[in-house]
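Chemist: From first to last, the protein sequence lines stand for chains P and S. So the first sequence is residues 1 to 402, counted in the UniProt record's numbering. So the second sequence is residues 1 to 402, counted in the UniProt record's numbering. All C-beta atoms in this analysis are idealised placements derived from N, C-alpha and C, irrespective of residue type, glycine included. First the structure, which I've put down as structure tokens, then a few questions once you've had a look.
2 protein chains.
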Amino acid sequence: MTAPPHEAHPAGPGRSLPDTQQGMRRRNLARVMHAVSAEGPLSRAAVASRIGLTRAAVSTLVDELIRSGLLEELGPQRPGRVGRPGSALAVSGRGPAGIGAEIGVDHLAVCAVDLSGRTRSRAERHGLNRGRSPRTVIEELNELIRLVVAGAEGEGLRPAGLAVAVPGLVARDARTVVRAPNLDWRDTDLGGLLPSGFPLTVDNEANFGALAELWLGEGTPRDFLHVSAEIGIGAAVVVDGGLLRGTRGFAGELGHVPVRPDGPECACGGRGCLEQYAGEEAVLRAAGLEPDEDRVGLLAGRAAAGDEDVRRALRDAGTALGVALTGAVNLLDPESVVLGGELSALAPWLLPSLRDELARRTAGPACPVSVSRLGPQGPLLGAAHSVVRAVLDDPAAVAGRA
Amino acid sequence: MTAPPHEAHPAGPGRSLPDTQQGMRRRNLARVMHAVSAEGPLSRAAVASRIGLTRAAVSTLVDELIRSGLLEELGPQRPGRVGRPGSALAVSGRGPAGIGAEIGVDHLAVCAVDLSGRTRSRAERHGLNRGRSPRTVIEELNELIRLVVAGAEGEGLRPAGLAVAVPGLVARDARTVVRAPNLDWRDTDLGGLLPSGFPLTVDNEANFGALAELWLGEGTPRDFLHVSAEIGIGAAVVVDGGLLRGTRGFAGELGHVPVRPDGPECACGGRGCLEQYAGEEAVLRAAGLEPDEDRVGLLAGRAAAGDEDVRRALRDAGTALGVALTGAVNLLDPESVVLGGELSALAPWLLPSLRDELARRTAGPACPVSVSRLGPQGPLLGAAHSVVRAVLDDPAAVAGRA
DNA sequence: ACTAATTTGTAAATCGGCATGACGAATAGC
DNA sequence: GCTATTCGTCATGCCGATTTACAAATTAGT
């Protein structure tokens, strides 16, 4: 019964939970974990000054966290300042681990991340998943998960949750895949197929990619738009450090934003959707190429080799993206736009026209567009880290299950 | 030093304030206020069961709130059930009041709202404000404010804050108007010109309109898109019961979403922005009418009279709005779209084509579009209520200043 | 080397705030 | 009238953070 990680914040004081002392304790435990996790080894006194509690209070909190195996005492710090040196505290390397999994069109991947953010175990398998039944794919995935879990346990870690990234729309129950065109899945509940030993979260690949960017990217703001693309074009909206999910969980469907209202018909019923200009299939067609296995690699290779058709196709896709993003930027006023996922490999040829278009359509200074450093492994890392963040956000919950 | 009302929620446990008993007390005071305010007269026991605290705890909280003048004891309730009847509690009709003000293109309005939401005093003045200097306009506004404040005090109310709605972009400091095309104002700091007796908040008219819809509308969801228009077209995005403001506070600029990327040039630098198809000036031009004083009234009148040119112009505007809203709905997945402000008067002729366009471009069931019941007085009410909500959200803050 | 100053971590006492349990008060049903 | 039920309050206790005090460990100064 853990709260889904990084849900939008609960409402105002009206409807939230009653505020009792236990809740206070829990929140303060969380603050200690966040402080230690974010700012490396820290003494009790340092934590106290950072989170605004007294040293005495922090002492008891830390005791509890150490007993739960979430924090480790590293011993006396090497001092440069006067006074008694503090004893360094760090998140435990043998505590809970976040298990992240990714179901891609042409691969499966699983990894385990410890509280400090280090990847401690991983496994993957290549091979097309398109059209295969959810059951078959998930069975293979479960095999990888067993492997990774065993590996993590071998290092003294205890899996605290599983988060699965899928290339498609996921309902707000974080269990059922409503539509995944790349896999030909519709309305499939993954809840029953995946291991049930620990809390499960299923979410859109783009969402997890955005969270990875938020947590792992350097200098990533708390308000940005994360764009990623495979066959469809997904975006994730990060507002004030949290994901915007929408009523049904479908927020971020950039692919069907109208770019040319009178353009060709789209499967969605509309006309001139972005997907028809910047979607993978559209770009391949415009470049005069056949759809093949590693589509993005093919495009990137040809573009790098100087293929003018491909470059033109990518330029045009960038322009279309620019139009759609102008709308999004006007509406959301984000601090930046980040291109992530598979898109980052094509960024060199997309970016110039995209930035041009965005700047041309913006009155003041245009919203900066950057490329994710994490690239295609963003979703997997984001998934694993989402479990870790859930632990940091409520350490008492996992401690209780220890 | 009050927190700005209804800012986006603070971050996760990492950066928030330390959690001490006083904070707990404050939050519980707020919960009591919200419960009583939302669900009419309530006994202490009823409040306790609603917010999950014990009767004893609620008793002390209520005592404090009564002493601060925020709650009133109405005496024994008329009972229908067995057992000792409870003593009804209601928000005070003599406590703090929210002062809301609106600067429109052709009018000024001010009102005072008590904690129960009733308007207790109001004043307005008609006359064009376009082109007049901020100083002159604000001086007139201050006169109205003085009037309303005096009226409120005459009824035993104590002004707790002032919120001003302006038809333009407001910086995140909630004080300076960055751009207000309808007034010809640019980068003007209203902080120094307005009365300084109580906390001040300046915000976009569309934002306050959306908040009014959220708080006063019946059955309004917690995630919706509120569209309003004067010369520009503004939208406000409500996510999980709070406003999405954007990094600079400019979120919701629907007017410059590209609708036809190759359309005519716009003042913003772009081409084919929504404003050029659905903006007031554009619609008037398309209808073959001259800009005049009461533009919206003129359009509504002609359309109602059956003027086919006007009706066509409004139909086309609705279609353009539909295209822009398709993008927005795809991106945000709101529960509904609400047409508010001056737009609501034109809704009968805009809605059909708007809904058509939105439905045509949506795969599943289209996002429902409704019209605000509050109409043009939404912004003023939203402003006044924002102050009231700030009191409900942190009663201890005003009690301290009592 | 010795002392003073400074900082850390912990222990004891205190305080604030909610829960618990008991009680008188006020009502409905019999 | 009697009982069951509900409401508001009081005394008590528990939990959690603060305050105050103190021993331990280091640097700076003489």
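Starting from D309/S, trace the alpha helix (DSSP H) both ways and give me its first and last residue.
Modeler: Taking the first residue of the second sequence as 1, we reach residue 309/S at position 309. Note, D309/S: alpha helix (DSSP H), 308 to 332.
Chemist: How would you write the range of the beta strand (DSSP E) that F198/S sits in, first residue to last?
Modeler: What you label residue 198/S is simply residue 198 of the second sequence in a count that begins at 1. Unbroken run through F198/S: none, as it is neither H nor E.
Chemist: Looking at the secondary structure, which residues open and close the beta strand (DSSP E) in which P208/S lies?
Modeler: Locating residue 208/S in the second sequence gives position 208, counting from the first residue. The sequence as given places Phe at residue 208/S; Pro does not occur at that position. Per DSSP, F208/S belongs to no beta strand (DSSP E); it is in the alpha helix (DSSP H), 205 to 216.
Chemist: Using a Cβ-Cβ cutoff of less than 8 Å, which residues in the same chain neighbour G272/P once the five nearest sequence positions on both sides are dropped?
Modeler: Here residue 272/P refers to the residue found at position 272 when the first sequence is read from its first residue. Answer for G272/P: P258, V259, R260, P261, D262, G263, P264, C266, listed in chain order.
Chemist: Please work out which residues of its chain come closer than 6 Å, Cβ to Cβ, to A383/S, disregarding the five sequence neighbours upstream and downstream, and give them in chain order.
Modeler: The residue given as residue 383/S occupies position 383 in the second sequence. Hits under 6 Å: G100, A163, A165, F208.
Chemist: Does F198/S have its Cβ less than 7 Å from a Cβ in chain P?
Modeler: Walking along the second sequence from the start, residue 198/S turns up at place 198. No - not a single Cβ of chain P is within 7 Å of the one on F198/S.
Chemist: Among L354/P, Q21/P, S37/P, which residue has its Cα nearest to the Cα of L392/P?
Modeler: In the first sequence, residue 392/P corresponds to position 392, counting from 1. Comparing Cα positions, the closest option is S37/P.
Chemist: Contact between the segment 367 to 384 of chain S and the segment 18 to 30 of chain S is defined here as three or more beta-carbon pairs at a separation below 8 Å; is this criterion met?
Modeler: Taking a cut-off of 8 Å on C-beta distances, the segment 367 to 384 of chain S does not touch the segment 18 to 30 of chain S, as fewer than three cross pairs fall below it.
Chemist: Just verifying my parser: in three-state terms, what is the DSSP assignment at G98/P?
Modeler: The count along the first sequence starts at 1 and reaches residue 98/P at position 98. Three-state DSSP puts G98/P in a strand.
Chemist: Quick check: the Cα distance between A324/S and V337/S, rounded to an integer number of angstroms?
Modeler: Within the second sequence, residue 324/S is the residue found at index 324, counting from 1. Within the second sequence, residue 337/S is the residue found at index 337, counting from 1. Looking at the two C-alpha atoms, the distance is approximately 12 Å.
Chemist: Do you know offhand how far L351/P's Cα is from V239/P's?
Modeler: Your numbering for residue 351/P matches position 351 in the first sequence. Your numbering for residue 239/P matches position 239 in the first sequence. About 24 Å.
Chemist: Mind pulling the chain S residues with CB within less than 8 Å of C268/P?
Modeler: Taking the first sequence and counting its residues from 1, one reaches residue 268/P at position 268. Neighbours of C268/P in chain S, taken as residues whose beta carbon is under 8 Å from its own, are R361, T362, A363 in chain order.
Chemist: From the beta carbon of H256/P, is the nearest beta carbon of chain S less than 7 Å away?
Modeler: Working through the first sequence from its first residue, we reach residue 256/P at position 256. True, the Cβ-Cβ gap to chain S drops below 7 Å.
Chemist: Cβ of A3/S less than 7 Å from any chain P Cβ?
Modeler: Residue numbering aside, residue 3/S sits at position 3 when the second sequence is read from its first letter. Because the pLDDT at A3/S is just 35, under 50, the model does not fix this residue reliably, and the value given afterwards should be weighed accordingly. No, because no Cβ of chain P sits closer than 7 Å to the Cβ of A3/S.
Chemist: DSSP three-state call for A397/S: helix, strand or coil?
Modeler: Taking the first residue of the second sequence as 1, we reach residue 397/S at position 397. Helix, per DSSP.
Chemist: On the three-state DSSP scale, how would you describe E335/S?
Modeler: Locating residue 335/S in the second sequence gives position 335, where the first residue counts as 1. Correct three-state label for E335/S: coil.
Chemist: State buried or exposed for A35/S, treating a residue as buried only when at least 16 other CB atoms are found within 10 Å of its CB.
Modeler: Along the second sequence, read from residue 1 onward, the residue named residue 35/S stands at position 35. By the neighbour-count rule (16 or more Cβ atoms within 10 Å), A35/S is buried.
Chemist: Could you tell me the distance, in whole angstroms, from the CA atom of A212/S to the CA atom of P221/S?
Modeler: Position 212 of the second sequence, counting from 1, holds the residue named residue 212/S. Position 221 of the second sequence, counting from 1, holds the residue named residue 221/S. The straight-line gap from Cα to Cα measures roughly 12 Å.
Chemist: Would you verify that the beta carbon of P41/S is, or is not, closer than 7 Å to some beta carbon of chain P?
Modeler: By 1-based counting over the second sequence, the position of residue 41/S is 41. P41/S does not count as touching chain P.
Chemist: Taking the C-alpha atoms as reference points, what is the distance between A399/P and E73/P?
Modeler: What you label residue 399/P is simply residue 399 of the first sequence in a count that begins at 1. What you label residue 73/P is simply residue 73 of the first sequence in a count that begins at 1. In a straight line, the C-alpha of A399/P is about 17 Å away from that of E73/P.
Chemist: DSSP three-state label for R389/P, please.
Modeler: Position 389 of the first sequence holds residue 389/P. Helix, per DSSP.
Chemist: Whose CA, out of C268/S, S133/S, R132/S, R122/S, lies closest to the CA of E153/S?
Modeler: On the second sequence, position 153 is the one that residue 153/S refers to. The shortest Cα separation from E153/S among C268/S, S133/S, R132/S, R122/S belongs to R122/S.
Chemist: Any C-beta of chain P sitting closer than 7 Å to the C-beta of F208/S?
Modeler: One-based indexing of the second sequence puts residue 208/S at position 208. For F208/S, the nearest beta carbon of chain P is not closer than 7 Å to its own beta carbon.
Chemist: Can you list, in chain order, the residues of the segment 231 to 256 of chain P whose Cβ is nearer than 9 Å to any Cβ on chain S?
Modeler: A235, V237, V239, D240, G241, G242, L244, R245, G246, T247, R248, G249, F250, A251, G252, E253, L254, G255, H256
Chemist: Considering only residues of the segment 2 to 86 of chain P, which uninterrupted alpha helix (DSSP H) runs meet the minimum length of 4 residues and lie entirely inside it, listed in chain order?
Modeler: With a minimum length of 4 residues, the continuous alpha helix (DSSP H) runs that stay inside the segment 2 to 86 of chain P are 21 to 38, 44 to 51, 55 to 67.
Chemist: Please state whether the Cβ-Cβ distance between P85/P and A160/P is less than 7 Å.
Modeler: Locating residue 85/P in the first sequence gives position 85, counting from the first residue. Locating residue 160/P in the first sequence gives position 160, counting from the first residue. It is not a contact, given that the beta carbons lie outside the stated cut-off.
Chemist: Enumerate, from N- to C-terminal direction, the unbroken beta strand (DSSP E) stretches of 3 or more residues contained entirely within the segment 96 to 150 of chain P.
Modeler: For the beta strand (DSSP E) assignment, the uninterrupted runs of no fewer than 3 residues enclosed by the segment 96 to 150 of chain P are, from N- to C-terminal side, 96 to 103, 107 to 114, 119 to 126.
Chemist: Using 7 Å as the limit for Cβ to Cβ distance, is A212/P near chain S?
Modeler: The residue you call residue 212/P lines up with position 212 of the first sequence. Not an interface residue.
Chemist: Could you tell me whether any Cβ in chain P is nearer than 7 Å to the Cβ of V323/S?
Modeler: Here residue 323/S corresponds to residue number 323 of the second sequence, with the count starting at 1. At least one chain P Cβ lies under 7 Å of V323/S.
Chemist: Check the C-beta distance from L61/P over to N142/P and give it rounded, since I have them as a contact under 8 Å.
Modeler: Here the question's residue 61/P lines up with position 61 in the first sequence. Here the question's residue 142/P lines up with position 142 in the first sequence. Contact doesn't hold; Cβ gap of about 38 Å is too wide.
Chemist: Beta-carbon of A8/P versus every beta-carbon of chain S: anything under 7 Å?
Modeler: Here residue 8/P refers to the residue found at position 8 of the first sequence. Low local confidence applies: a pLDDT of 32 at A8/P is under 50, so the model's placement there is unreliable, with the coordinate-based value given in what follows. So, interface residue.
Chemist: Is the distance from the Cβ of D394/P to the Cβ of A30/P below 7 Å?
Modeler: In the first sequence, counting from the first residue as 1, residue 394/P sits at position 394. In the first sequence, counting from the first residue as 1, residue 30/P sits at position 30. Yes, the Cβ-Cβ distance between D394/P and A30/P is below 7 Å.
Chemist: Taking the beta strand (DSSP E) that L346/S belongs to, which residues open and close that run?
Modeler: Translated into the one-based positions of the second sequence, residue 346/S becomes position 346. Here L346/S belongs to no beta strand (DSSP E); instead the alpha helix (DSSP H) covers 343 to 360.
Chemist: In whole angstroms, what is the alpha-carbon distance linking E357/S and F198/S?
Modeler: Along the second sequence, read from residue 1 onward, the residue named residue 357/S stands at position 357. Along the second sequence, read from residue 1 onward, the residue named residue 198/S stands at position 198. When rounded, the distance between both Cα atoms is 46 Å.
Chemist: Does the Cβ of L128/S have 16 or more other Cβ atoms within 10 Å, making it buried, or fewer, making it exposed?
Modeler: Sequence index remark: in the second sequence, residue 128/S carries index 128 (1-based). Its Cβ having fewer than 16 others within 10 Å, L128/S is exposed.
Chemist: Would you report the Cα separation of G390/P and I138/S, rounded to the nearest angstrom?
Modeler: For the purposes of this step, residue 390/P is taken as the residue at position 390 of the first sequence. For the purposes of this step, residue 138/S is taken as the residue at position 138 of the second sequence. The question names Gly, but residue 390/P is Ala in the sequence shown. Cα-Cα distance, rounded: 49 Å.
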